[in-house]
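So the structure is just underneath, and the comments pick up after that.
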Amino acid sequence: MPWPKSDSGWTSPSSGAARIVQLEHITQRYGTRERQFVAVHDVSLSVDQGEFVALLGPSGCGKSTLLRVISGLTKPSEGRVFYRDQPLRGVNPHVAIVFQSFALFPWLTVQENVEVALKARGVPQIVATPRALDLIDKIGLDGFETAYPRELSGGMRQKVGFARAMAVNPEILCLDEPFSALDVLSAEALRGELLDLWTSGSIPTKAILMVTHNIEEAVFMADRIVIMEKDPGRVIADLKVPLPHPRQRKSSIFMDLIDQVYTTMAGQTQPENVEFGSQPGETGRLRPLPEIQISVLVGWLERVNEFPGNRIDIFRLADELKLDSDYLLRLTEAAELLGFCVIAQGDIALTPLGETFAEASMLARKSIFGVRIRRLPVFQWLVAQLREAEENRLSVDTVREALAAHFLPEELEPQLSIIVDWGRYAEIFAYDDNTEMIYLEPASSSVPL
Amino acid sequence: MMRVFSSAISLGRARWTWGDGVALTTIAAFLYFGVRMAVRAPAAIEGPTISLSPAMLPLYAGFSFLRMLTAYVISIAFSLWYGTLAASNRRAEQFLLPLLDVLQSVPILSFLPVVLLGFSAFFSQNLASEFASVVLIFTSQAWNLAFAWYQAQKTVPRELREVAANFRFSPWLRFRTLELPLAAISLVWNSVMSWAGGWFFLMAAEIFTVGNKDFRLPGLGAYLSEAANAGNVQAITWGLITLLSLIVALDQLLWRPLMAWSDRFKLEMVETEDRPRSWFLEAWRRSRVVGPGIRSVVRRLVQPLEKRLERSLLTESSSETRSERHVWPSIFLWVAGMMLLYGTYRAAAMLLDVGSAEWQIIASGIIATALRVFIAMLIALVWTLPAGVLIGMNSRIASWAQPIAEIAASVPATALFPVLMLGLIAVSGGLNLIAVLLMLMGTQWYLLFNVIAGAAAIPEDLRHTASALGLKGWQRWKIAILPALFPYIITGLITASGGAWNASIVAEYTEFGGRTRSVTGIGSAIAKATAIGNYPMLLAATLTMVLVVVLINRFLWRRLYALAEERFRMD
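Protein chains in written order, with the working numbering: chain A, 1 to 449; chain B, 1001 to 1571.
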């Protein structure tokens, strides 16, 4: 069998909702027996024939993990995966993935990169070559068949990624943030081309599943948006997008939908004990600090402070600052955590403290920042440890070991560097990179909290 | 084009693990079995007759080359197997990596006597010497290749692996389109390193003689030693010219084209300007006959072969055979483990036979050799630092000095040993001088090339800043140059010290002009034990040398390297 049957071709969404993929209570854990991290917690999800589903969420919410579970690359720790009502075993041959980094073989030409997918299925060269050339033609890369990926622009490389995926006539096309490594204009062009192929029915694909952290992209392309949240990764909303293609970005209904998604994702500011989480070593959740540079946070607060009433709709702010939605939500999270703003009904409002901070001098900012982060459990814990330690010094290794139980290995180093960074800025402690020691400066060890 | 010469693997790993312990015991056990076999070796071994006629040189060169090639083919096969196993099996990795690491830092040449005597017990003399030389070259070539392959497997980008899984590549297709191309650059570079090291050991094996045991092999090394013995300057010249042309021809016709060709397998998506080039490859590509010729050969021969391989691999990996395979590795592991325990136990028992007087000889030998190694490296440092900085910072000088240095470096120091003997043995303290010189010749190049690479890597703006600040003389060296060179110097010294310890085996005890001469040293202790057939002493001296070098690596070089990486790396 050269490749999966493509007899039925495109089926419109209205022609009955045959279920293609179904996930039941998927939980995915990482780590060793002693230290476990939940990447995805109890997610159930189904994708029907004819659907274009977007999985939307902040980084670390497990959306890419779900994509790998669906394609059979990752076996879930718990839960079941069904493909057309059959339990999935091993890699799903009906799924093709398009990767964020394109994942092309740099030593193969455009044509060979497409052909290799067919070769893997045992398609003879005589059939594979014309088919690959046809696809390359379809995506508008004719003339570049013999080019190597490094000769192409990002957008063209991703086109090859799409051609390779489509070469095997997959029933489901899984897109893992396919446009996020491209410049704005190439991404826009490629989105339009993909939608053309999809809506015109010129590819036999039955469903598309796209992982993204870009809110506007999800609303622009998908029929359904599944919104996820992190710590642990879970589904918090499942929205339909009842707009026909092509969609008008400036239409009020489109804007309203985006606003709605922003509101859902930003959530509401919670009481302090919920926001803060617990200390290292205690049971309960240690809150990861958002990866934000302080100088960026300062600039952002100054900007928000300029709006009338120090209050602004999150989506409008994103539009105005031309910021990536994922990044903006991280900034908001940091400001919220420090008590500089509150979020309610999709609006950011600066607190009096936030206003003061935005208007204060550099030294005053440091002191406000210091007061605020001393309230965070992780800094309370660290200062207490430093007080008890000999000469008020702790090696970074010690801190790393204590934190290792709370974070995924790949999260650990970023978290450590944020803690050191914030603490140094606030002058809560000092840090010597040569010896990798954190220590209280003699004066500050006597200052009460 | 700059090369950084380094054979130091996985230097980041500074802590001892149980794997290191097992690795050291494995070596001890192997040495014991070798010595055990050696007991049955004949007391006197007659060497081959070597003709000094220049007409014989092509034949001898052919012999030497074949030995290298055989060992290299075995090394590659071994590396693919070992590296794949270490990269794919977590439990095996915990043992295989430390073993590789220890083997890499061990002075391989110290095994030569044990291996030679061990083989002599079972095979006729020339066969034993042939095997021993191939084994020796193999042990000098295999480890860095295996590590290169392992490293490449571990660093396959996750998304490319997922492409292979998602599109259901067969093992062969994955090997061909993903794993092999990814490893290609590093395999070629390491092959060049391995061949350079291999020549050193081949020459040592071909000229090895102790007491009345003449282990020489017909080859270029033996020709040179015979010529030096006879004081035949003309023959020496012919021999050296042949050796040098063989090495240069291999470099120009094989390695450089391969390096230039393998450049296409780099993972970065950006075009770089200074790609490795090869006139030979370019001529080859331009030729109208060769290109299409090769293509048709590939189409007619390689592709059908590949198809067959593909099919056999597909049928092999069916799921039923998997469960049965689980039994054999564990049986093998058990047997190997028992052998290991037995060997270690017997080795320890044998060491108890070594008297305190002999231990004293070993101890003073270690100190004397360490001193020589130290002096050789000091001399190397004194001249390579200014020379390397001059070449590295000045591209005009580099354009002629670098090729000359590369050719000089390609002559294996052991091949020059007989020549040194001829020239210097009459000088008082001659052998001491020769030993240090041999160590120097074998090691200074690593240092020089590393210093050149380091100096060339100092950013232009940093140099301008140094001039703008008016830094001169010692201040300039102290603030701007030495810190930037530090990581390169350390990398060079690590490789150099390994080479220097190796050189002690051939340099400290020699037969020349019918007379035996020796100086105090661990190398001469090993050679003497081989000559008189004192096997416990041979085991004790070899093991001590291995242990000392491994310890120096761990406690001195590792730390310096970690320091260099952390404090002085520019990026």
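Yeah, the Cβ is synthetic: ideal placement off N, Cα and C, and Gly gets one too.
In the DSSP assignment, the alpha helix (DSSP H) including residue i goes from what residue to what residue?
i, result
"Thr109 of chain A", "It is not in any alpha helix (DSSP H) - Thr109 of chain A carries neither H nor E in the DSSP assignment."
"Tyr1060 of chain B", "Leu1057 to Ser1088"
"Thr1414 of chain B", "Ala1413 to Leu1424"
"Arg424 of chain A", "Pro409 to Tyr425"
"Lys240 of chain A", "It is not in any alpha helix (DSSP H) - Lys240 of chain A instead sits in the beta strand (DSSP E) that spans Arg234 to Lys240."
"Ile136 of chain A", "Gln125 to Lys138"
Spell out whether any CB of chain A is found under 8 Å from the CB atom of residue i.
i, result
"Glu1320 of chain B", "Low confidence applies to Glu1320 of chain B: its pLDDT is 37, below 50, so where it sits in the model is not reliable, and the reading given next is rough at best. No, because no Cβ of chain A sits closer than 8 Å to the Cβ of Glu1320 of chain B."
"Arg1168 of chain B", "yes"
"Leu1173 of chain B", "yes"
"Ala1562 of chain B", "no"
"Val1163 of chain B", "yes"
"Phe1177 of chain B", "As written in the sequence, residue 1177 of chain B is Thr, which differs from the Phe given in the question. Output row for Thr1177 of chain B: interface = yes."
"Leu1267 of chain B", "yes"
"Arg1517 of chain B", "no"
Along the chain, where does the beta strand (DSSP E) containing residue i start, and where does it finish?
i, result
"Val91 of chain A", "From DSSP, Val91 of chain A is part of no beta strand (DSSP E); its letter is neither H nor E."
"Thr1510 of chain B", "Tyr1509 to Phe1512"
"Gly79 of chain A", "Glu78 to Tyr83"
"Met210 of chain A", "Ala207 to Thr212"
"Lys230 of chain A", "Taken as a continuous stretch (DSSP letters only), Lys230 of chain A belongs to no beta strand (DSSP E), as it is neither H nor E."
"Tyr439 of chain A", "Met437 to Tyr439"
"Ala54 of chain A", "Phe52 to Leu56"
"Thr27 of chain A", "Arg19 to Gly31"
"Leu37 of chain A", "The question names Leu, yet the displayed sequence has Phe at residue 37 of chain A. Element bounds for Phe37 of chain A: Gln36 to Asp48."
"Ala430 of chain A", "Ala430 to Asp432"
Just to confirm my understanding: we take residue i, look at its own chain, exclude 5 residues before and 5 after, and list those with CB closer than 8 Å. What are they?
i, result
"Gln111 of chain A", "Thr129, Ala132, Leu133, Ile136, Glu145 and Thr146"
"Ala207 of chain A", "Ile20, Val21, Val47, Asp48, Gln49, Gly50, Glu51, Phe52, Val53, Glu171, Ile172 and Leu173"
"Thr1344 of chain B", "Thr1025, Ala1028, Ala1029 and Tyr1032"
"Asn305 of chain A", "Leu350, Gly354, Glu355, Ala358 and Glu359"
Within 8 Å of any Cβ in chain B, is that where the Cβ of residue i sits?
i, result
"Ser71 of chain A", "yes"
"Ala120 of chain A", "yes"
"Pro93 of chain A", "yes"
"Pro124 of chain A", "no"
"Ile136 of chain A", "no"
"Phe105 of chain A", "yes"
"Ile97 of chain A", "yes"
"Ser417 of chain A", "no"
"Ala117 of chain A", "yes"
"Leu23 of chain A", "no"
"Leu257 of chain A", "no"
Pick out whichever of the options has its Cα sitting closest to the Cα of residue i.
i, options, result
"Ala404 of chain A", "A:Gly31, A:Glu24 and A:Ile20", "A:Gly31"
"Glu450 of chain A", "A:Glu24, A:Pro288, A:Ala117 and A:Leu104", "Shown here, chain A extends from 1 to 449; a query on residue 450 of chain A therefore has no answer."
"Ala103 of chain A", "A:Leu323, A:Val298, A:Val261 and A:Arg164", "A:Arg164"
"Ile1379 of chain B", "B:Ala1496, B:Leu1301, B:Arg1300 and B:Leu1340", "B:Ala1496"
"Arg157 of chain A", "A:Ser101, A:Phe429 and A:Leu197", "A:Ser101"
"Gly1164 of chain B", "B:Leu1471, B:Gly1388, B:Leu1240 and B:Arg1174", "Here the sequence assigns Ala to residue 1164 of chain B, which means Gly is not the residue at that position. Of B:Leu1471, B:Gly1388, B:Leu1240 and B:Arg1174, the residue nearest in Cα terms is B:Arg1174."
"Leu1333 of chain B", "B:Gln1444, B:Phe1095, B:Phe1063 and B:Ser1075", "B:Phe1095"
"Ala1184 of chain B", "A:Gly72, A:Leu56, A:Trp107 and A:Val114", "A:Trp107"
"Pro377 of chain A", "A:Thr264, A:Gly423 and A:Gly140", "A:Gly423"
"Pro1048 of chain B", "B:Arg1216, B:Ile1361 and B:Gln1141", "B:Arg1216"
"Ile1367 of chain B", "B:Met1193, B:Val1519, B:Phe1201 and B:Val1035", "B:Val1519"
"Ala430 of chain A", "A:Glu193, A:Leu382 and A:His406", "A:Leu382"
"Ala1283 of chain B", "B:Arg1264, B:Val1335 and B:Pro1257", "B:Pro1257"
Excluding the five sequence neighbours on either side, which residues of its own chain have a C-beta within less than 6 Å of the C-beta of residue i, listed in chain order?
i, result
"Ile253 of chain A", "none"
"Ile1045 of chain B", "Gln1125, Lys1213 and Asp1214"
Give every residue of the same chain whose Cβ lies closer than 7 Å to the Cβ of residue i, excluding the five residues on either side of it in the sequence, and list them in chain order.
i, result
"Gly354 of chain A", "Leu301, Ala335, Phe340 and Cys341"
"Cys61 of chain A", "Met228, Glu229, Lys230 and Gly233"
"Arg68 of chain A", "Thr74"
"Arg1322 of chain B", "For Arg1322 of chain B, the pLDDT reaches just 41, beneath the cut-off of 50, and the residue's location in the model is therefore unreliable, although a value from the coordinates is still provided. The answer is none, since no qualifying residue turns up."
For residue i, return the contacting residues in chain D, with the cut-off set at a CB-CB distance below 8 Å.
i, result
"Ser101 of chain A", "Among the protein chains of the structure shown, namely A and B, there is no chain D."
Can you check the stretch 321-376 of chain A for any beta strand (DSSP E) of at least 3 residues that lies completely inside it and give the ranges in chain order? 341-344 and 347-350
Continuous alpha helix (DSSP H) assignments of at least 4 residues falling wholly in the stretch 1441-1505 of chain B: 1460-1468 and 1473-1476
For the stretch 1159-1236 of chain B, list the beta strand (DSSP E) runs that are entirely contained and at least 3 residues long, ordered along the chain. none
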